[in-house]
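In the numbering used here, the protein residues as written are 11 to 435.
Backbone N, C-alpha and C define an ideal beta-carbon position, used for all residues, glycine too.
First the structure, in the form of structure tokens, and then the observations on it.
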Ligand code: DGY
């Protein structure tokens with residue numbers, strides 16, 4: 011087992027070797043481009059030893075921002091044969107080429123953390139220049155991914171949630187017509203075992219939804235209102251509410267009073283929206299299918315982002331504590347991405363069970379802030395133990411601790427560094 015100093019050095023090496031010149035790929039082969047929320051987390055990792063490079067990561071991410079404000083989920087810098095679907099499939103008509111959907115909006119929270127670390131005047135200037143772009147991306151969410159102003163984030167493709175094959179999407183995805191999917195060849199299985207990845211039926215649905223967006227000409231209003239998949243995602247909604255709080259803190263620090271007032275309305279609405287996601291029958295925050303109106307009824311790691319978002323009454327938090335103890339009793343390591351007491355739990359398959367360092371990091375941050383220190387420490391200790399034994403893998407089996415998915419993974423390395431850094435604050 012490696013010691014902390016060796017692991018820290020290894021984590022830095024991963025970030026620098028996945029750096030493709032101002033942007034960082036999640037991992038070689040499986041994900042050969044710049045991914046949206048990966049890059050934001052990577053920036054946090056870089057900020058532990060090079061704040062300027064961290065700012066560059068956010069700047070390069072926003073090079074992909076669309077005129078309507080959306081920050082796409084992938085920015086394609088080259089047409090790599092190792093990945094499907096590439097730019098010629100998305101046909102999003104943007105330079106640099108991008109996908110046509112977004113991902114969880116962690117960028118503002120990261121920018122706020124970088125601002126607090128930036129001593130250098132030029133880094134401060136660069137972060138200040140990012141502020142209007144962050145505002146535009148949040149406005150896009152409020153206009154197009156919450157058209158009824160419910161205070162939630164509507165996901166129109168499972169890849170937007172980042173939790174691609176969570177069982178929460180099984181029912182909503184079953185209603186998506188896949189009969190017109192054009193022939194395609196998956197590339198992910200050239201790099202990772204099929205037992206760790208989404209199924210073929212799920213891929214057909216991913217491609218059907220991509221084709222739907224493409225047929226809409228990537229018109230955000232049409233997609234937000236008519237996509238055959240419209241789910242209020244707990245993960246995206248909680249992360250976005252927190253991002254609004256952090257964006258407001260940044261607005262105050264920059265003296266952006268008008269922006270601050272606009273963000274205050276978004277926060278108030280987001281607090282109400284979180285309550286729409288409370289499922290009394292499950293006593294948890296669950297995603298909700300907006301087409302059928304049905305809550306998923308599933309507890310996932312995203313349910314525990316309530317503290318991070320700053321929501322939850324004392325009764326709701328007590329209910330979450332019960333779920334936490336029930337789930338902890340079933341796992342050697344916390345926090346599984348899906349409830350281990352459910353039949354759909356699969357400890358090895360992507361977002362149907364494995365532990366993800368980035369979600370753990372956010373849950374732990376929220377729990378520590380809310381005074382749930384035992385749970386927060388457990389997450390940190392488990393993450394360090396998993397990495398020390400299994401390396402910087404994409405995700406980890408919560409029962410056996412085995413690594414799953416890609417290796418030498420940027421965001422796992424970044425979270426390791428960020429965790430060490432926060433322990434030293
Ligand atoms: C993939 O291709 O597996 C990605 O998760 C899409 O964002």
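query	result
I want to check one thing, is the minimum distance from the CB of residue 366 to the heavy atoms of the ligand DGY below 7 Å?	no
Across the stretch 126-135 and the stretch 53-67, are there enough close Cβ pairs to call them in contact, namely three or more that are closer than 8 Å?	yes
Can you tell me whether residue 333 sits near the ligand DGY, meaning its C-beta is under 7 Å from at least one heavy atom of the ligand?	no
Nearest CA to the CA of residue 186: which residue from 19, 238 and 17?	238
Would the beta-carbon of residue 167 be found less than 7 Å away from any heavy atom of the ligand DGY?	no
On a CA-only basis, which of 397, 399 and 386 is nearest residue 433? Give me that one, please.	386
Quick test of the definition: if touching needs 3 or more C-beta pairs under 8 Å, does the stretch 323-331 touch the stretch 194-207?	no
How is the alpha helix (DSSP H) around residue 394 delimited, first residue to last?	383-400
Along the chain, which unbroken stretches of the alpha helix (DSSP H) at least 4 residues long are found entirely within the stretch 168-219?	168-171 and 180-184
Spell out the partners DSSP gives residue 165 in its beta bridges.	241
In whole angstroms, what separates the C-alpha of residue 85 from that of residue 35?	10 Å
Grouping DSSP H, G and I as helix and E and B as strand, with all else coil, what is residue 302?	coil
Within the stretch 116-162, note down every full alpha helix (DSSP H) run reaching 4 residues or more, in order along the chain.	117-127 and 131-154
Can you tell me the Cα-Cα spacing of residue 164 and residue 249, whole angstroms?	13 Å
Pick from 426, 105, 116 and 377: whose alpha carbon is nearest that of residue 77?	105
So for residue 75, helix, strand or coil by DSSP?	coil
Closer than 7 Å to a non-hydrogen atom of the ligand DGY - does that hold for the CB of residue 89?	no
For the ligand DGY, is there a heavy atom less than 7 Å away from the beta-carbon of residue 200?	no
Please report how far the alpha carbon of residue 15 lies from the alpha carbon of residue 21, in whole angstroms.	10 Å
Please list, in chain order, all residues of the same chain as residue 357 whose beta carbon is under 8 Å from its beta carbon, the five residues on each side excluded.	346, 350, 363, 364, 407, 408, 409 and 410
If you measure between the beta carbons of residue 117 and residue 81, is that distance less than 8 Å?	yes
Measure how close the beta-carbons of residue 57 and residue 127 come, nearest whole angstrom, since I'm counting them as under 8 Å.	6 Å
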